[in-house]
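Student: Those letters in the sequence shown? Residues 1 to 556, per this note's numbering, in order.
Each residue gets a CB set at the ideal place from its N, CA and C atoms; glycine is no exception.
These numbers come from a predicted model, not from an experiment.
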Amino acid sequence: MKFPDILRLALRNLREARLRASLTTMGVVVGVAVIVTMVSFGLGLQRNTVQRFKDLDLFNEITVSGRSLDQIVAAALSGKPAGDGANANGSNANTNASNANARGERGRGGDDDRGAAGRLANRNQPNATRTLDDAAIQEIARLPGVASVEPNVSLFVYVRANGRVQPNSVGGALVPNQASRFKNFSAGRMIASADADEAVVDESFLNAFGFEKPADAVGQTVELLAPPDAGGRARANDSTRNDETSNDEARAANNERAPRGGRGERPTEGGRERESGEGGMSFFGLPLGDEGGGAEPAGNLAARTFKIVGVLKPEVEGAGNRNQFRGMMPVESIYVPLAAARDWSRRYRGSLSRVAFELARASGAIKEGETKGYPMAVVRVTDPEILPDVQKAINGRGFSTFSVADQLKELRTVFLIVNASLGLLGGISLLVASFGIANTMIMSILERTREIGIMKAIGAEDREIKLIFFVEAALIGLAGGVTGSLAAWGIDVLSNHIAYRQWLRPRGISFVHFFALPPYLWLGATAFAVCVAIVAALYPAARAARIDPVKALRHD
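1) Within 8 Å of any Cβ in chain D, is that where the Cβ of Ser421 sits?
2) Look up Tyr158 in the DSSP assignment and say whether it is helix, strand or coil.
3) Which residue wins for smallest C-alpha separation from Gly484, given the options Thr526, Gln178 and Ile191?
4) Does the beta-carbon distance from Thr24 to Gly426 come in below 8 Å?
5) Using three-state DSSP, classify Pro337 as helix, strand or coil.
6) My output table needs one value for Val28: the three-state DSSP class, helix, strand or coil.
7) Taking the alpha-carbon positions, what's the Val512 to Asn168 distance?
8) For Phe185, write down the residues that DSSP places opposite it in a beta bridge.
9) Quick one: complete beta strand (DSSP E) runs, 3+ long, within the stretch 128-157?
10) Can the beta-carbon of Ser421 be found less than 8 Å from the beta-carbon of Val532?
11) Going by Cα to Cα distance, which pick from Gly459, Glu198 and Asn162 is closest to Asp216?
12) How many angstroms separate the CA atom of Gly104 from the CA atom of Leu504?
13) Can you grab the Cα-Cα spacing for the pair Ala179 / Asp57, in whole Å?
14) Once DSSP output is grouped into helix, strand and coil, what is the label at Pro167?
15) Counting beta carbon pairs with one atom in the stretch 408-415 and one in the stretch 181-188, are three or more of them shorter than 8 Å?
16) Going by beta carbon distance, what residues of the same chain come within less than 7 Å of Ala473, once the five residues before and after it are set aside?
17) Just the C-alpha distance for Leu301 and Glu223, rounded to the nearest angstrom, thanks.
18) Could you tell me the distance, in whole angstroms, from the CA atom of Ser154 to the CA atom of Ile137?
19) Taking the alpha helix (DSSP H) that Ile394 belongs to, which residues open and close that run?
20) What did DSSP end up calling Phe306 once you bin it into helix, strand or coil?
21) For Ile62 versus Ile394, is the C-beta spacing smaller than 8 Å?
22) Assuming Ala341 contacts Val170 under a Cβ cut-off of 8 Å, what Cβ separation, rounded to an integer in Å, is found between them?
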């Protein structure tokens, strides 16, 4: 017998027992639908998790840190090299210095190694043996696969805008910038060039400085305020002097020239200061405004003016409108060009930072002309696939690194276990369906014993008899697999819409596909159903092939 003849015979036999074949097929449909639905949920969970990390710029960014100034000082005071035994014996000094910087620098308009950047840098610093300075930044930028390197320059300074003066966070931004946080604006645009006196702000800036709409802030100016430069002169929009030592000496000379009891600053209770000539309250030389923040600062403050050209679009999630976290770089309220933030940070360092720098220089840990470096930098790669190679190359150059991609392998292992467990649970239902297939085939043998005997009497071989039953079982498995996959697809679509209407939309969350149904899943499930059906038909087919044609012809 040819295969087309066997196929027609198998279809005829199934049509003659429609009800039994339909019920058996329904068992396969349920089993396949359960498998596809459960595995597709696991795949959807994996896809959403990985995609969320990608959208947040976490799979193409590496955080790089070098020796911190606090670590260098702690190592010098303990008499051990930084990055070696200094971490063990100088950890308390390092921690105390970091905490002191965090407390003291905020009120002085100095650089601020704070927040996630500072914690991450301090955590990784023991493994770093080099300072992350400008030369190191350029060296990393030349590595193959590196798209950009953005050092972290975070400031906490007094800011004047819209007639108000308040302390606020300012960060330096690389221009042009590939980070997704600078892609969407409520109004305006990104900073035009690296040397432009322009700034972009976020929504918290609008609320703090009394702007009603994002468009109201675009075109306005924002000023960074600091104590006056040498001679008490306010130097506005002057970024030409970068020598930190000369600035420190000039300020020291200015303090010596200030007459005692004149307009000099006198400490008062609580650490505040009052200027006798003005009679106004000040905090470390910066005048305090009223509750509304509308008081104008004294005209002898150093200031640098930036034009607001864009307002970042807030990206919120959930019922509480929580801001999304994007990328490895700390979030700031105001962003200015990186060069401007770096110049301001070096020129107006706080007293604790200057003392630490001088201690490190006096101990020989920092040489003449050497800077303290950056607390951290974010390296963006051209392709997430080469991120491990880039990270390994950076580690080999004496820096410590961190990347979320380090956990990607473990994350995939977890999802593999979850998907296997879900598939195993669904496979149990298909196993139950296989017993139904075997029962159907056995009942078919009992009903068709005389027919099988006639076929064997006229020359049918045992192989052909087995093949008939295998084809019948395969047809049941194929029909059940295809129908079950379609049923699983319908369940997935319906569940997605129900979840969106009942839980996501009331909480202000956008539509999410909880299930992922790639072609290999439903094709594999259908093929698996066919294989299970054929395995279930092994015993009935072998039993049919063993029938004695003489006895079969006598069977009623």
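Tutor: Reading from the atomic positions:
1) In summary, chain D is missing from the structure at hand, where a single protein chain is found.
2) strand
3) Thr526
4) no
5) strand
6) helix
7) 36 Å
8) Leu312
9) 146-151
10) no
11) Asn162
12) Reliability fails at Gly104, whose pLDDT of 40 lies under 50, so the model's placement of it is uncertain and the value that follows must be treated cautiously. Cα-Cα distance, rounded: 44 Å.
13) 7 Å
14) strand
15) no
16) Ile437, Met441, Ala533, Ile534, Ala536 and Ala537
17) 11 Å
18) 17 Å
19) Leu387 to Asn395
20) strand
21) yes
22) 6 Å
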